[in-house]
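See below for the structure under consideration.
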Amino acid sequence: MRTWWGLIRTDGGGYIRITVQAANSFVAYEMMKAMYGDKLFTEGANLVS
72 MRTWWGLIRT DGGGYIRITV QAANSFVAYE MMKAMYGDKL FTEGANLVS
């Protein structure tokens, strides 16, 4: 498992960095979409180094 990050929009107009653990970026992005829906700002998952 690796840790992946993405950004979500807050109600106040800001952004929060979120992280998920998944085997690859596709699974991580699908998890983010399932959890945050249209609040998700990122169009892909980024690996945490």
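Under the numbering used here, residues 72 to 120 are what the sequence shown spells out, in order. Every residue, glycine too, gets a C-beta built ideally from N, C-alpha and C.
Is Lys115 helix, strand or coil when you go by DSSP?
Looking at the sequence itself, residue 115 is Gly, so the reference to Lys does not match. Coil.
If you draw a straight line from the C-alpha of Phe97 to the C-alpha of Ala105, how long is it?
Going by the C-alpha atoms only, they are around 12 Å apart.
What residues are listed by DSSP as bridge partners for Tyr86?
Answer by DSSP bridge pairing, in chain order: Arg80.
Excluding the 5 residues flanking Lys110 on each side, which residues of the same chain have their C-beta closer than 6 Å to its C-beta?
Only Ile79 and Arg80 meet the Cβ criterion.
Within a Cβ cutoff of 6 Å, which residues of the same chain sit near Ile89, ignoring the five residues on either side of it in sequence?
So the qualifying residues of the chain are Gly77 and Ile79.
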